[in-house]
Amino acid sequence: MTAEVGTQVEPRETRGLAEQAAALAAGEVTARELTERALARIAATQPTLNAFRRVRGEAALAEADAADRRLAGGERLPLLGVPVAVKDDVDVAGEPTAFGCPGDFPRKQADSEAVRRLRAAGAVVVGKTNSPELGQWPFTEGPAFGDTRNPWSPEHTPGGSSGGSAAAVAAGLVPAALGSDGAGSIRIPAAWSHLVGIKPQRGRISTMPEPEAFKGITVFGPLARTVRDAALLLDVASGGAEGDLHRPSPVEVLPEAGRDPGRLRIALSLRPPWTATGASLDPVVRAAVTGLAERFAALGHEVEEADPAYGPIGLAFVPRATAGIREWTGRVPDFALLDARTRGAARTGRLLGGSVLRAARAAEAPLRRRVGRIFGRYDVVLAPTTATPPLRIGDLAGLSGWQTDRTMIAHCPYAWPWNALGWPGVNVPAGFTGPGLPLGAQLLGPESSEPLLVRLAAQLEADRRWFEQWPPQTEPRGR
1 MTAEVGTQVE PRETRGLAEQ AAALAAGEVT ARELTERALA RIAATQPTLN AFRRVRGEAA
61 LAEADAADRR LAGGERLPLL GVPVAVKDDV DVAGEPTAFG CPGDFPRKQA DSEAVRRLRA
121 AGAVVVGKTN SPELGQWPFT EGPAFGDTRN PWSPEHTPGG SSGGSAAAVA AGLVPAALGS
181 DGAGSIRIPA AWSHLVGIKP QRGRISTMPE PEAFKGITVF GPLARTVRDA ALLLDVASGG
241 AEGDLHRPSP VEVLPEAGRD PGRLRIALSL RPPWTATGAS LDPVVRAAVT GLAERFAALG
301 HEVEEADPAY GPIGLAFVPR ATAGIREWTG RVPDFALLDA RTRGAARTGR LLGGSVLRAA
361 RAAEAPLRRR VGRIFGRYDV VLAPTTATPP LRIGDLAGLS GWQTDRTMIA HCPYAWPWNA
421 LGWPGVNVPA GFTGPGLPLG AQLLGPESSE PLLVRLAAQL EADRRWFEQW PPQTEPRGR
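One point on numbering: in our numbering, the residue at position 388 of the sequence shown is 388, and numbering is uninterrupted.
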């Protein structure tokens with residue numbers, strides 16, 4: 001029997017990451033039970049949601065059994081026995097890392113540092129989630145795996161590039177998942193799937209075995225239904241390793257989820273950075289974000305409209321992004337199997353290498369000073385995460401590279417500058433369109449400001465209680 005999105009062979013698990021960990025520690029449930037339920041939910045929804053590229057059925061159950069033995073022996077760890085998922089751009093020992101690409105990839109011999117830290121905290125990795133080719137786009141579709149769909153409306157994308165992770169968490173398949181963010185790829189799917197998504201400070205989570213990812217613009221981070229769960233996953237995954245190029249001073253964010261942020265100065269920024277193609281803010285998104293600004297004011301914060309001085313920040317981004325694509329395409333089994341847009345981006349990366357790439361990297365420091373001036377007047381920037389509600393599945397299929405870029409910028413012009421700067425940002429749910437499609441807003445801060453952003457996001461969460469809302473158990477809905 002084929003399971004439709006929303007039908008349940010196994011009831012949806014409503015306990016979050018921290019709640020599941022507490023239940024395991026108290027002996028109320030076993031790791032095998034939680035993992036079996038997660039695997040059953042994945043199997044039931046895979047024909048429709050299609051969140052996973054790889055499902056580690058037997059391996060995950062073996063890890064769960066080992067966790068149960070450790071729990072029975074009195075061992076306690078932050079995530080001991082809790083099932084989680086990771087995006088298919090991090091290495092899991094025994095599994096290939098395809099990053100959305102077609103072809104027969106070799107199985108990895110070792111975990112990436114981020115996965116190693118999840119395992120060290122006791123997590124059970126149930127599978128690797130879908131991503132578009134090399135994480136390039138704000139949709140999660142491709143010939144290598146098909147279409148990943150939004151649990152809130154299967155006719156729409158959950159966003160990208162961490163769309164598989166977002167769909168898995170939003171549908172309750174797992175309580176939290178690791179994603180990556182190179183131009184909004186955690187924050188965009190979090191916005192379009194009604195989740196909390198944290199893009200941490202560059203280097204907060206190690207990218208090893210790569211010294212950095214995509215010339216420093218890409219970072220790993222959590223997606224979860226609550227701020228506390230996202231903070232917990234961030235804390236256990238955080239830390240450096242020998243060989244990392246970026247090593248920020250350590251922070252601990254989980255305790256911040258229960259602390260009062262105090263009275264803050266918040267800049268409401270609705271103007272996107274300048275791009276050659278232009279973008280405009282959908283009125284429904286504008287209303288949602290200004291609604292959050294009003295809630296912040298009601299909570300006692302000082303909110304004013306103000307925009308960062310982005311200047312020509314795209315010059316510091318595009319050469320690095322395309323250089324990263326070019327490097328990754330050198331690892332694929334067959335370059336010819338890649339999407340024509342991926343091949344074109346790799347060629348652009350070759351053209352923008354050398355002195356252009358060095359200039360792009362050199363521009364980061366003055367851009368930080370320029371953009372950072374806003375934090376002399378404000379503590380946090382509140383901005384839309386996307387300019388529009390979620391795209392429909394297939395809206396970008398068959399477009400040329402240039403057409404795709406134009407469409408992508410029109411829908412998602414707000415997130416990528418923080419990748420060029422390396423600073424943290426948090427997506428928070430901002431409400432829904434009339435037909436029920438999720439919208440998001442991002443809280444943006446300066447270097448290593450995750451503790452402040454988490455405090456503010458948690459305060460808003462306590463006011464809005466977005467975690468009480470789940471995707472409907474009904475037929476697909478449209479915009």
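In this text, a Cβ means the ideal position worked out from N, Cα and C, and glycines have one as well.
In this text, all values refer to a predicted model and were calculated from it rather than measured experimentally.
query, result
"Inter-residue Cα distance where the pair is Pro-211 and Gly-422", "15 Å"
"Collapsed DSSP secondary structure at Arg-331 in the structure displayed", "coil"
"Continuous beta strand (DSSP E) assignments of at least 3 residues falling wholly in the stretch 49 to 113", "52 to 55 and 83 to 87"
"The stretch 87 to 96 touching the stretch 109 to 125, judged by at least three CB pairs closer than 8 Å", "yes"
"Residue burial classification, Ala-462 (beta-carbon count within 10 angstroms, cutoff 16)", "exposed"
"Contact check, Gly-122 vs Gly-81, beta carbons under 9 Å", "yes"
"Candidates Ser-448, Gly-431, Leu-456 and Ser-449: closest to Glu-468 by CA position", "Gly-431"
"Straight-line Cα distance separating Ile-188 from Thr-226", "16 Å"
"Limits of the alpha helix (DSSP H) - the one that Glu-180 falls within", "First, the amino acid is wrong: residue 180 is Ser here, not Glu. Per DSSP, Ser-180 belongs to no alpha helix (DSSP H); it is in the beta strand (DSSP E), 176 to 181."
"Where Ala-481 falls: helix, strand or coil (DSSP)", "As shown, the chain starts at 1 and ends at 479. That puts residue 481 outside it, with no answer to give."
"Meets three-Cβ-pair contact criterion under 8 Å: the stretch 130 to 145 and the stretch 367 to 376", "no"
"Whole runs of the beta strand (DSSP E) within the stretch 227 to 313, excluding any shorter than 3 residues", "265 to 268 and 302 to 305"
"Three CB pairs or more closer than 8 Å across the stretch 42 to 62 and the stretch 11 to 26", "no"
"Proximal residues to Ala-297 (C-beta, below 6 Å), its chain only, five neighbours per side dropped", "Val-303"
"Beta-carbon gap between Asn-150 and Leu-437 smaller than 9 Å", "yes"
"Rounded C-alpha distance that separates Ile-217 from Leu-268", "24 Å"
"Given 8 Å, three or more beta-carbon pairs between the stretch 358 to 369 and the stretch 379 to 396", "no"
"Selected residue, minimal CA-CA separation from Ala-64, among Ala-98, Val-29 and Ala-458", "Val-29"
"DSSP three-state assignment for Pro-319, whether helix, strand or coil", "helix"
"Where the alpha helix (DSSP H) through Thr-388 begins and ends", "Element bounds for Thr-388: n/a, residue is neither H nor E."
"Boundaries of the beta strand (DSSP E) in which Ile-188 is found, first to last residue", "Ile-188 -> not in any beta strand (DSSP E); alpha helix (DSSP H) instead, spanning 187 to 193."
"Simplified DSSP state of Asp-395, which is helix, strand or coil", "coil"
"Cβ-based burial, Ala-176 [other Cβ within 10 Å; buried from 16]", "buried"
"Beta bridge counterpart(s) of Gln-442 as assigned by DSSP", "Ala-383 and Asn-427"
"Residue range of the unbroken alpha helix (DSSP H) whose run includes Val-169", "163 to 170"
"Gly-440, buried or exposed, once every other Cβ within 10 Å from all chains shown has been counted against 16", "buried"
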